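Chains as they are written, first to last, in this note's numbering: chain U, 851 to 1262; chain W, 851 to 1262. Here the structure is laid out as structure tokens; the discussion comes afterwards.
Number of protein chains: 2
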Amino acid sequence: MGGYNRAVVLDAVRGRSSVSRVELAQATGLTNQTVSNVVRRLLDEGLIQETGQAPSHGGKRRKLLSLRPDAAYAVGVHLDPDTTVAVLLDLSGRVVRRRTMRTSSQSDPERLVRMLARGVNALIAKSDVERSRLLGLGVAVPGPMDRARGMVLDPPNLPDWHHVHLTELLGRATGLPVVMDNDATAAAIGERWAGGADRAGGFLFVYMGAGIGGGIMPADSVLRGDSGNAGEFGHVVVEPGGNECHCGARGCLEAYAAPYAVLADFAARHGRAEAERLCLTLSPEQTRADWRGLRAAATKGDRHAIEAVERAADRLGQAALTTVNLLDVRLIVLGGEALHGIEEQVHRAMHTWVNGRSIARAVRTVSVEPSLIGDHVGAVGAASLVLHGAYTPGWHMLQGDQTAPGHVGARR
Amino acid sequence: MGGYNRAVVLDAVRGRSSVSRVELAQATGLTNQTVSNVVRRLLDEGLIQETGQAPSHGGKRRKLLSLRPDAAYAVGVHLDPDTTVAVLLDLSGRVVRRRTMRTSSQSDPERLVRMLARGVNALIAKSDVERSRLLGLGVAVPGPMDRARGMVLDPPNLPDWHHVHLTELLGRATGLPVVMDNDATAAAIGERWAGGADRAGGFLFVYMGAGIGGGIMPADSVLRGDSGNAGEFGHVVVEPGGNECHCGARGCLEAYAAPYAVLADFAARHGRAEAERLCLTLSPEQTRADWRGLRAAATKGDRHAIEAVERAADRLGQAALTTVNLLDVRLIVLGGEALHGIEEQVHRAMHTWVNGRSIARAVRTVSVEPSLIGDHVGAVGAASLVLHGAYTPGWHMLQGDQTAPGHVGARR
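Listed below in structure tokens is the structure:
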């Protein structure tokens, strides 16, 4: 259990600006002797440092310990059909450097991977971080995936991608050990990792980008499911026999509330002329810009745009009710750039659905809150896969989790 | 960790008809010395026994160990608005004695509890089991509930029940420590407990009685949710703005596929005369009998009855797709008396929905299987709450689970 104790202590240090050995023993439930031994090892490894002394109340003065944020780093890549974000994260969870790459959904996977690798290598080169301090690369991908084999299958929003062995390709191209996870699950893990006590209970993370993802975090664990594809909030069926979805089913939430679907619905209801009035191109290549335009129009008070957003928000609320009835979470965290400007409507709709109608509404209120990390939660989450895999207690050790670097596609 | 090792070894003995110490060490990963120590303690406590010797292949002959099923017992009660079942379960999971009680949904909770207590006491008295060997009473209730306080809240199918402190009332009336859980969650736990390797992976348990419940078992854990109300499969929204549900929401699965709902739909489509032709009374007090009648008519080939069952099965399939997309389970287990005679249709519909349309269908096939325990899985599950709480490793120790007897409403 040495590794476990070490991870518990490191996590307790990470959660505090500075802390004494005695406080660590209290916080972790370990004996003073065990804490002392573990602390000595962590000091030797350079993961923590002594940073002064606590004020004395008589007796021996206590030395304070803190994390050395520059002791280890990880790269996180959030692969999105539209725009891919890469971040370099230090051990404290701070984004040291960021890079945004235009991802064309028409790209050949191998060429896209080469582009990503160039981006990652440039991100590292332009930072002052030595490669020896890099623990690895986490990549967050849209589902579905074959996690055990490190393969992206047929993601609905990446039509040219079929069974791409992404961890292997990226490992070869960057020379880094690569771990992969579903994008919304990675975001949820990042949110927990960064969120400390505010994210310690169970929550559902709802991510809106080109599609709609979900990450399920029961208290103190992560629900990945049997094949690593749990949390597909965008594929909650909200209308039986309804709109056809990329995934092959009908009536999925995504086919009603994802940007492309809301825009298509807007065009079908109001026609091209009305879309042009709001400067929407309705071209599939311009979904991201059009979606920004529609949200802007709603913010400015355009009635049709507001109604379109309200319809999407209502569908999100309906799916949230179903999900809360199944998972009984107390918190829904909202993240993703595509929610900018419509947070309030989505918040209101979800709040109304889950607290007005959920089966356990008499026992608890469900909060709906924005992500603590913000826009790049997918990329930060991807990097945190590496860091928590290496350093966070409980996760891979108790959950049979395979995110520890080196398990998947490791090439040092 | 002594208690944990003890539970691991006991569980390994329980899963085998007879086993040697060496095999136990192999099965548990514990050292031979630890296994020997734990085995000695379990023998002293009378939980296991030596039952002969393994055939010798040269060298020392190995003594074989097996469980003493009569070492400990638990009572399980499945409180159902219609018919309540109580079982006496031995340590091996065998039902030693069973008792069925007519539960009127109009009953005052206190009087109903007195009736249950009389039933439980009679069940114990008529068996040869000494009270000292009884570990406690597990009670499985329809949701929603306040698990921390042992309270049944406002179960949709028990209209006279409002915030009933069931564990306290039952504890006082029987003199036994009482643990409580959601009925479908208890059934799922019983299914895992009894199912051994066949139920070791993750699964969703779907229970159909008066209502429709669900129990969520990710691999090696149970998902209870923040307030103990996870798994409400019957309250997956299948039709936005649809039929009003007992729970206060609209369009829940239960309002389409529970027996009362299917019967109401049948009456609305075909009228009273057609119902009478099939000998359906359509009286709310006769839902159980009418539902039996409708299933019998479907089995005999009545077209309208078949269509009614098919519609319900289709709704169950739709809700299963949503649930599988969220949870990514590889197995759905079907249980409950209300499914008798229509298993095939439900199986077919669920299979079609989840394997034809789920987002991860390329990576894995989802099986749909009947419960290994059969009809009384709710009551057996309730009793297993007590036994696994006392003896099964991992559950309450790693999950912060409170089902260990004595935690809730304990009165020895």
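Backbone N, C-alpha and C fix where the C-beta goes; we use that ideal spot for every residue, glycine too. This structure is a prediction, so every number in the text was calculated from the model and none was measured.
Less than 8 Å between the beta carbons of Gly1231/U and Ala1037/U, yes or no? In this structure, Ala1037/U lies closer than 8 Å to Gly1231/U by Cβ.
Is the distance from the Cβ of Leu1189/W to the Cβ of Met1067/W below 8 Å? Taking the C-beta atoms as reference points, Met1067/W is found no nearer than 8 Å to Leu1189/W.
Report the residue ranges of all alpha helix (DSSP H) runs contained in full by the region 865-934 of chain U; include only those spanning at least 4 residues, in chain order. Unbroken alpha helix (DSSP H) stretches of 4 residues or longer found wholly inside the region 865-934 of chain U: 871-878 and 882-895, given in chain order.
Note the first and the last residue of the continuous alpha helix (DSSP H) segment covering Asp1164/W. Annotation for Asp1164/W: the continuous alpha helix (DSSP H) segment containing it runs Arg1153 to Leu1177.
Return the CA-CA distance between Lys910/U and Leu938/U, expressed in angstroms with no decimal places. Straight-line Cα distance between these residues: approximately 40 Å.
In terms of residue numbering, what span does the alpha helix (DSSP H) encompassing Arg1127/W cover? Note, Arg1127/W: alpha helix (DSSP H), Pro1109 to Arg1127.
Assigned secondary structure, Pro959/W (DSSP; H/G/I helix, E/B strand, else coil): Pro959/W: helix per DSSP, three-state reduction.
So which residues of chain W does Phe1083/U contact, with C-beta pairs closer than 9 Å? Residues of chain W passing the Cβ test: Asn1175 and Leu1176.
Based on the DSSP secondary-structure assignment, which residues constitute the bridge partners of Ser1217/U? In the DSSP output, where bridge partners are listed per residue, Ser1217/U has Leu1181/U.
Mind checking whether Val927/U and Val989/U have CB atoms under 8 Å apart? Cβ distance < 8 Å, so Val927/U and Val989/U count as in contact.
Cβ atoms of Ala936/U and Gly969/U: under 8 Å apart, would you say? Their beta carbons are under 8 Å apart, which means Gly969/U touches Ala936/U by this criterion.
Cross-chain neighbours of Arg1207/U in chain W, by beta carbon under 7 Å: Proximity of chain W to Arg1207/U at the Cβ level (cut-off 7 Å) is accounted for by Gly1098 and Ala1099, in chain order.
Would you say Gly1051/W reaches chain U, if we count a Cβ-Cβ gap shorter than 8 Å as a contact? So, interface residue.
Closer than 8 Å to chain U by CB, Ala875/W: With a threshold of 8 Å between beta carbons, Ala875/W makes no contact with chain U.
Please list, in chain order, the chain W residues whose beta carbon lies closer than 8 Å to that of Thr1017/U. Close partners of Thr1017/U in chain W (Cβ separation under 8 Å) are lacking, with about 15 Å as the shortest Cβ gap.
Examine chain U for any beta-carbon lying closer than 8 Å to the beta-carbon of Leu1008/W, and answer yes or no. So no, Leu1008/W is outside the interface.
Quick one, which residues of the region 992-1003 of chain U are near chain W if we go by CB-CB under 7 Å, in chain order? Cβ contacts with chain W: Gly993, Pro994, Asp996 and Leu1003.
Leaving out five residues on either side along the sequence, give the residues of the same chain with a beta carbon under 7 Å from the beta carbon of Thr1024/U. Within the same chain, Ala967, Val970, Asn971 and Leu987 come within 7 Å of Thr1024/U by CB-CB distance, once the 5 residues on both sides are set aside.
Where does Leu1263/W fall in DSSP's three states? Nothing in the structure corresponds to residue 1263/W, since chain W is present only between 851 and 1262.
In the DSSP assignment, find the beta strand (DSSP E) that holds Thr950/W and state where it starts and stops. It spans Val945 to Arg952 - the beta strand (DSSP E) in which Thr950/W sits, taken as one unbroken run.
Are any of the Cβ atoms in chain U nearer than 8 Å to that of Leu791/W? As shown, chain W starts at 851 and ends at 1262. That puts residue 791/W outside it, with no answer to give.
Distance between beta carbons of Gly1078/U and Met995/U, contact taken as under 8 Å: Between Met995/U and Gly1078/U a beta carbon distance of about 6 Å is seen, short of the 8 Å cut, so the two are scored as contacting.
If Arg871/W sits next to Val885/W, beta carbons under 8 Å apart, how far is it from one beta carbon to the other, in whole angstroms? Correct: roughly 5 Å between the Cβ atoms.
Between Asp920/W and chain U, is there a C-beta pair that is closer than 8 Å? With a threshold of 8 Å between beta carbons, Asp920/W makes no contact with chain U.
Does any C-beta atom of chain U lie closer than 8 Å to the C-beta of Ser1077/W? Interface criterion met: the Cβ of Ser1077/W is under 8 Å from a Cβ in chain U.
One question on the structure: do Val1029/U and Val1236/U come within less than 8 Å of each other, judged by their Cβ atoms? A contact, by the Cβ cut-off of 8 Å.
Inter-residue spacing [alpha-carbon to alpha-carbon] between Leu1103/U and Phe1053/W: Looking at the two C-alpha atoms, the distance is approximately 24 Å.
7 Å Cβ shell around Ser867/W - same chain, five flanking residues per side excluded: Here the set comprises Ser916.
Could you spell out the range, first to last residue, of the alpha helix (DSSP H) harbouring Ile1066/W? Counted as a single uninterrupted DSSP element, the stretch harbouring Ile1066/W is not any alpha helix (DSSP H) but the beta strand (DSSP E) occupying residues Ile1062 to Met1067.
Three-state secondary structure (DSSP) of Leu987/U: Reduced to three states, the DSSP call for Leu987/U is strand.
Take Asp978/U as the anchor and find which of Arg1153/U, Asp940/U and Ile1156/U has the nearest alpha-carbon. Between Asp978/U and the set Arg1153/U, Asp940/U and Ile1156/U, the nearest pair of CA atoms involves Asp940/U.
Count the other CB atoms, across all protein chains shown, that sit within 10 Å of the CB of Tyr1106/W; report buried if there are 16 or more and exposed otherwise. Counting every other CB atom within 10 Å of its CB across the protein chains shown gives Tyr1106/W a total of 16 or more, marking it as buried.
CB contact below 8 Å: Pro1277/W versus chain U: Nothing can be reported for residue 1277/W, as the shown portion of chain W is limited to 851 through 1262.
Which value, in whole angstroms, describes the spacing of the CA atoms of Arg1100/W and Arg981/W? Each residue's Cα considered, the two are about 47 Å apart.
Can you grab the Cα-Cα spacing for the pair Ala1034/U / Gly1092/W, in whole Å? The C-alpha of Ala1034/U lies about 30 Å from the C-alpha of Gly1092/W.
Meets three-Cβ-pair contact criterion under 8 Å: the region 1157-1172 of chain W and the region 1196-1216 of chain W: These segments touch.
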